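Okay, structure first, notes after.
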Amino acid sequence: MAVALNTLVEEADRYLASAKIADYCPNGLQVEGRPQVLRIVSGVTASQALLDAAVEAQADLVLVHHGYFWKGENPCITGMKQRRLKTLLKHDISLLAYHLPLDLHPEVGNNVQLARQLEITVEGPLDPQNLKVVGLVGSLAEPVSARDFARRVQESMGREPLLIEGSGMIRRVGWCTGGGQGYIDQAVAAGVDLYLSGEASEQTFHSARENDVSFIAAGHHATERYGVQALGDYLARRFALEHLFIDCPNPI
12 MAVALNTLVE EADRYLASAK IADYCPNGLQ VEGRPQVLRI VSGVTASQAL
62 LDAAVEAQAD LVLVHHGYFW KGENPCITGM KQRRLKTLLK HDISLLAYHL
112 PLDLHPEVGN NVQLARQLEI TVEGPLDPQN LKVVGLVGSL AEPVSARDFA
162 RRVQESMGRE PLLIEGSGMI RRVGWCTGGG QGYIDQAVAA GVDLYLSGEA
212 SEQTFHSARE NDVSFIAAGH HATERYGVQA LGDYLARRFA LEHLFIDCPN
262 PI
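Numbering-wise, my numbering puts 122 at position 111 of the sequence shown, and it's gapless, one number per residue.
See below:
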């Protein structure tokens with residue numbers, strides 16, 4: 012049975028505690044569509060490819076991690092932004108987006124879900140003194156080489172990661188999905204053997220090398236596929252809805 016859009020949004024906001032989290036974009040309902048929801052399509056980013064696939068799937072609501080209306084962007088509804096919004100409005104499809112709340116959540120969050128994929132036991136925040144750092148730290152059941160762990164990442168992500176290999180075995184791991192490469196210094200301070208994020212910057216190489224810490228960049232998109240799936244599954248179970256995750260490939 013369908014559920015009222017307002018009811019679904021209220022539950023998602025409550026579950027993720029989105030009102031308590033300062034962010035770079037509005038979290039929650041970004042575009043309002045039809046008042047009843049039966050079918051959810053989820054994806055990492057509300058790209059035109061995902062919207063077109065959602066229209067084809069006859070979705071009532073699109074659920075994403077990367078939505079619209081980011082701080083500092085041009086507010087004019089032109090070009091790519093106009094085409095995306097026109098697609099949603101023409102087909103009366105809602106857009107529900109959660110950024111940092113979906114990174115941080117202890118059950119369906121991107122970082123917790125990635126830990127489950129990679130068989131890492133979560134121990135706590137990457138930087139307990141600064142909870143604005145959204146990464147986590149944890150451990151493996153048995154030490155492995157950096158190359159073996161990189162193979163584990165490749166098997167899970169479906170793509171070959173960038174590996175900067177340190178000299179030691181890997182037991183303690185720090186990670187932050189997406190563009191969290193800037194937290195490598197916090198990871199070093201936390202005493203990890205390897206730090207993993209979605210992306211890498213030029214200086215990441217030097218931090219890893221000079222601190223003798225292994226580093227893996229596994230892809231921004233690839234590392235953030237799991238949280239939105241878990242949230243979509245939660246909402247589908249909660250309201251007996253249909254949920255379809257659509258992965259629009261992105262090599263970045």
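Ideal Cβ positions, reconstructed from N, Cα and C, are used throughout, including at glycine. All values derive from a computational prediction rather than experimental measurement.
Going by the DSSP bridge assignment, what does residue i pair with across the sheet?
i, result
"residue 242", "Answer is none; residue 242 lacks a bridge partner."
"residue 89", "Answer by DSSP bridge pairing: none, since residue 89 is not bridged."
"residue 56", "77"
"residue 7", "Within the shown structure, residues of the chain are numbered from 12 to 263, placing residue 7 beyond reach of any answer."
"residue 252", "DSSP lists no partner for residue 252."
"residue 15", "47"
"residue 230", "Partner(s): none; residue 230 has no beta bridge."
"residue 169", "In the DSSP output, where bridge partners are listed per residue, residue 169 has none listed."
"residue 147", "136 and 186"
"residue 155", "181"
"residue 40", "107"
"residue 174", "227"
Is the beta carbon of residue j closer than 7 Å to that of residue i?
i, j, result
"residue 150", "residue 183", "yes"
"residue 174", "residue 131", "no"
"residue 214", "residue 144", "no"
"residue 17", "residue 29", "no"
"residue 126", "residue 75", "no"
"residue 148", "residue 166", "no"
"residue 238", "residue 186", "no"
"residue 122", "residue 113", "no"
"residue 52", "residue 65", "yes"
"residue 233", "residue 170", "yes"
In chain order, what residues of the same chain lie with their CB nearer than 6 Å to the CB of residue i, ignoring the 5 residues before and after it?
i, result
"residue 193", "none"
"residue 44", "103, 104 and 105"
"residue 189", "209, 231 and 235"
"residue 223", "177 and 178"
"residue 26", "none"
"residue 32", "111 and 112"
"residue 191", "146 and 208"
"residue 153", "none"
"residue 84", "none"
Compute the Euclidean distance between the alpha carbons of residue i and residue j, then round it to the nearest angstrom.
i, j, result
"residue 219", "residue 142", "23 Å"
"residue 110", "residue 41", "12 Å"
"residue 119", "residue 86", "31 Å"
"residue 67", "residue 34", "31 Å"
"residue 258", "residue 20", "23 Å"
"residue 137", "residue 201", "7 Å"
"residue 78", "residue 251", "25 Å"
"residue 253", "residue 260", "22 Å"
"residue 162", "residue 199", "22 Å"
"residue 89", "residue 158", "46 Å"
"residue 69", "residue 255", "11 Å"
"residue 221", "residue 263", "26 Å"
"residue 81", "residue 96", "15 Å"
"residue 92", "residue 36", "15 Å"
"residue 212", "residue 100", "37 Å"
"residue 160", "residue 181", "8 Å"
"residue 49", "residue 24", "18 Å"
"residue 124", "residue 245", "13 Å"
Whose C-beta lies closer than 7 Å to the C-beta of residue i among residues of the same chain, with five residues either side of it excluded?
i, result
"residue 229", "164, 168, 172, 207 and 209"
"residue 94", "59"
"residue 249", "22"
"residue 243", "51, 53, 74, 254 and 256"
"residue 195", "206, 215, 218, 219 and 226"
"residue 129", "163, 164 and 167"
Go through its chain and collect everything with a Cβ distance to residue i's Cβ below 8 Å, but skip five positions before and after it.
i, result
"residue 63", "98"
"residue 47", "13, 14, 15, 16 and 71"
"residue 203", "148, 183, 184, 185 and 224"
| task | Any chance you could list the beta strand (DSSP E) runs of at least 3 consecutive residues sitting entirely within the segment 178 to 220, in chain order? | result | Segments of the beta strand (DSSP E) lying fully in the segment 178 to 220: 181 to 187 and 205 to 208.
| Sequence ranges, beta strand (DSSP E) only - wholly within the segment 61 to 86, length at least 3 | 72 to 77
| message | Report the start-end ranges of each alpha helix (DSSP H) in the segment 102 to 143 that is 4 residues or longer and not cut off at the edges. | response | Unbroken alpha helix (DSSP H) stretches of 4 residues or longer found wholly inside the segment 102 to 143: 111 to 115 and 121 to 129, given in chain order.
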